[in-house]
Structure formats: C-alpha cells, structure tokens
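Residues in the sequence shown are numbered consecutively from 98, following the working numbering.
The beta-carbon is built from N, C-alpha and C at its ideal position, and this holds for glycine as well.
These figures come from a predicted structure and were not determined experimentally.
What follows is a set of notes on a single structure, which appears directly below.
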Amino acid sequence: MLEKKRAKKKEEEALKEKRLEKAETLEKLLEKIRTKADAPVKLQEEGKGAQLDLTI
C-alpha cells in the first residue's frame, strides 16, 4: 500500500513539474510577443492610400 502511495505521489510530482515547465515556456512566449508588439507601427504611403504594417 505504501508503494502505491509513493508511486502515485511521484506521478503527481512529475505532472506538476511538467505543468510548471509549460507555464514558463508560455510566459516566455508571451513576453516575446509583448516586446515585439511594443515596437513602433510602420506607416507606408503608397499612391492613393496609406498602408499599415502590423507585423508581430
């Protein structure tokens, strides 16, 4: 019975670790997106109208 509890606890710890890694990866990705979104938007005028470059 103790072995089952230990095995279950190890599985839970592994899942927590995996979730933490995913959260950190997602956080880094969001930070990259934020820093690129803060970059100035380019305005290009061509002929009759204006064109916005909203690349992220």
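Excluding sequence positions up to five away, which residues of its chain have a Cβ less than 7 angstroms from the Cβ of residue i?
{"i": "Glu121", "result": "none"}
Given this structure, state the Cα-to-Cα distance separating residue i from residue j, to the nearest angstrom.
{"i": "Lys115", "j": "Glu124", "result": "14 angstroms"}
{"i": "Leu117", "j": "Ala104", "result": "20 angstroms"}
{"i": "Ala111", "j": "Met98", "result": "20 angstroms"}
{"i": "Glu100", "j": "Lys107", "result": "10 angstroms"}
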